[in-house]
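Participant: My questions all concern the structure below.
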Amino acid sequence: MSEVKIEDIVSLAKRRGFVFQASEIYGGLAGFWDYGPLGVELINNIKQTWWKAMVRNHDNIFGIDSAIIQNPKLWVASGHVDGFNDPLVEDLVTKKRYRADHLAGVDSNDLDELNRLLKDKKSPEGNPLGEVRTFNMMMKTYVGAIEDESGVAYLRPETAGPMFTNYENVRETMRAKLPFGIAQIGKAFRNEISPRDFIFRVRELEQMEMQYFIRPEAQDESYEQWRQFAWKFLQEELGIGEAKLQWHEHGTDERAHYAAAAHDIYFEFPQGFKELWGTHNRTDFDLSNHIRVSGKDLQYFDDQTRERFTPYVIESSVGVGRMFLAVLTNAYHEEEVNGETRVVLKLKPELAPYRFAVSPLLKNKPELVAKAEEVYRDLKKIHGNVMWDDNGNIGKRYRRQDEIGTPYCVVIDFQTLEDGTVTVRDRDTTEQKRVLPETLL
RNA sequence: GCGGGUGUCGUACAACGGCUAGUACUCCAGUUUUCCAAACUGGCGAUCGGAGUUCGAUUCUCCGCACCCGCACCA
């Protein structure tokens, strides 16, 4: 099997309308990408597959779709505001970053003051220091027409937060008992220092997350359950081979501020094995903080045991764009057919942007075209994602459909006019068989 | 954010301090074609942005932007 190069994926994505650079005609903007006509179909199919497996296939998992901008106190409680407004200074030799206020020995966020105090200081390793700068990964905006500090708000840095603030609403309205989950698909925003690797590390990203609320004593069992869910989903629903997946357990030094345990599934992207899907034990970190900051009682009352406690949370979190890239990378193949190289996306049929492409064998035979249009309309009525293609010769159409992952090409020829059967050509095997079009509905 | 590299039609490449920036594929129109990128005719289509040097810049210089690679970052 040939190794997939990132340039091949980027080129295909552009050429065939999967992914474009955002505001390309103005030179782009680092960390932002647009999904084109085929990309949006593929990404929607991925999201629907996840939603079905996560929400609809579970009796006790409920979906929400929350606002991107929330009360800033939410991000104070979650630790995002405090944790990421720090003035940092870089050791110019080792490139390690230090809290500037700690090195200066003052309690201040004033950049001018800190720069002055650290002017002749060295890093703990004895090296010269760079300029003090504030690093905040959260994107800021202003709510209200007047831009003053009272209107400062943040674009959510993760979708998880509003799931915690809606915990009580969902529990109440759905009459939910532990364990139960809240799931959401939505955009999140982070001012990444260096967006990289095509759509892998971006500043506007989409997440699919589920927060599973449990009794504290169920944490190990539940953690295992959601790790396995992710592992199976990637293979069974997305068709990703086990050889391209790895487990990666976070050590204590690399864990998020909220997590007691974290396991990531790594996928073998063109750049190597990288993080795709995380399962985290967030304990009662979030609910406890929201109880503390909001003053609201978010404890759970178990009327069987008459206990009152703060639930623990197991989080399942995956990036949609990364999953999209993983699916594309996994599906991309270059193969030899009749002495020529073809590019083929071996997508699961459920994920492919188009399910069928319909063609008349010859474009200049009106009777074939008329019959093909009929078949096309019937298929499109049922499936929706059906493409008409009568450009060039039949081989060219097959190759074009291979490149966008259309699993089946339906061709109307002269025999169709006699017995009604059409040719269905399989993308992966290139084999053909004759069937009645009704069997495709 | 640091260091290195790259930026030319939709894609992949070529060329040049100076004639109309070339080729292949794609795309569009047509002829043709009875199943795997056939052929023919015609057509559309590009020098990342801004300054500077120069009689003249896509080419040289500077600044910016974007992408790729390494480091750092990734709550």
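Under the working numbering, the first residue of the first sequence is numbered 2, with each subsequent residue one higher.
Glycine included, each C-beta is placed from N, C-alpha and C at the ideal position.
Model, not experiment: these values are computed from the prediction.
In this structure, how does DSSP classify residue 299 when only helix, strand and coil are distinguished?
Facilitator: The answer is coil: DSSP assigns residue 299 none of H, G, I, E or B.
Participant: Within 10 angstroms of its Cβ, does residue 318 collect 16 or more other Cβ (buried), or is it exposed?
Facilitator: Answer is buried; the Cβ neighbour count reaches 16.
Participant: To the nearest angstrom, how far is it from the Cα of residue 154 to the Cα of residue 146?
Facilitator: Roughly 13 Å separates the two Cα atoms.
Participant: Which term fits residue 175, buried or exposed, when burial requires 16 or more other beta carbons within 10 angstroms of its beta carbon?
Facilitator: Label assigned to residue 175: exposed.
Participant: Count the other C-beta atoms from every protein chain shown that fall within 10 angstroms of the C-beta of residue 159, then say buried if there are 16 or more, exposed otherwise.
Facilitator: Label assigned to residue 159: buried.
Participant: Can you tell me which of 292, 411 and 183 puts its alpha carbon nearest to the alpha carbon of residue 60?
Facilitator: Of 292, 411 and 183, the residue nearest in Cα terms is 183.
Participant: In chain order, what are the residue ranges of uninterrupted alpha helix (DSSP H) at least 4 long that sit wholly in the segment 2–89?
Facilitator: For the segment 2–89, whole alpha helix (DSSP H) runs of length 4 or above, ordered along the chain, are 7–16, 38–52, 73–78 and 81–84.
Participant: My output table needs one value for residue 157: the three-state DSSP class, helix, strand or coil.
Facilitator: In this structure, residue 157 counts as coil in the three-state DSSP scheme.
Participant: Using the rule of at least 16 other Cβ atoms within 10 Å of the residue's Cβ for burial, across every protein chain shown, is residue 142 buried or exposed?
Facilitator: With fewer than 16 other Cβ atoms within 10 Å, it is exposed.
Participant: For residue 360, is the classification buried or exposed, using 16 other Cβ atoms within 10 angstroms of its Cβ as the cut-off for buried?
Facilitator: Classification for residue 360: buried.
Participant: Does the distance from the C-beta atom of residue 242 to that of residue 349 stay below 8 Å?
Facilitator: Result no, Cβ atoms of residue 242 and residue 349 do not sit closer than 8 Å.
Participant: Does the structure place the segment 368–376 close enough to the segment 315–334 that three or more beta carbon pairs sit under 8 Å?
Facilitator: With a cut-off of 8 Å, the segment 368–376 and the segment 315–334 do not count as touching, because too few Cβ pairs lie within range.
Participant: Check whether the segment 322–340 and the segment 264–274 touch, using three or more Cβ-Cβ pairs below 8 Å as the test.
Facilitator: As far as the Cβ criterion goes, the segment 322–340 touches the segment 264–274, which means the pair count is three or higher.
Participant: Give me, in chain order, the residues of the same chain whose beta-carbon lies closer than 6 Å to that of residue 157; leave out the 5 immediate sequence neighbours on both sides.
Facilitator: Only 69 and 189 meet the Cβ criterion.
Participant: Per DSSP, residue 264 is paired with what?
Facilitator: Bridge partners of residue 264: 250 and 280.
Participant: Rounded to the nearest angstrom, what separates residue 398 and residue 247 at their Cα positions?
Facilitator: The alpha-carbon atoms of residue 398 and residue 247 are separated by roughly 37 Å.
Participant: Nearest to residue 309 by CA position, among 217, 186 and 428, is which residue?
Facilitator: The shortest Cα separation from residue 309 among 217, 186 and 428 belongs to 217.
Participant: Note down, in chain order, each residue of its chain lying with its Cβ closer than 6 Å to the Cβ of residue 386, except the 5 sequence neighbours on either side.
Facilitator: Only 355 and 356 meet the Cβ criterion.
Participant: Rounded to the nearest angstrom, what separates residue 210 and residue 335 at their Cα positions?
Facilitator: Distance between the alpha carbons of residue 210 and residue 335 is about 34 Å.
Participant: Would you mind listing the alpha helix (DSSP H) stretches within the segment 214–238 that are 4+ residues and don't spill past its ends, in chain order?
Facilitator: The segment 214–238 contains these whole alpha helix (DSSP H) runs: 220–237.
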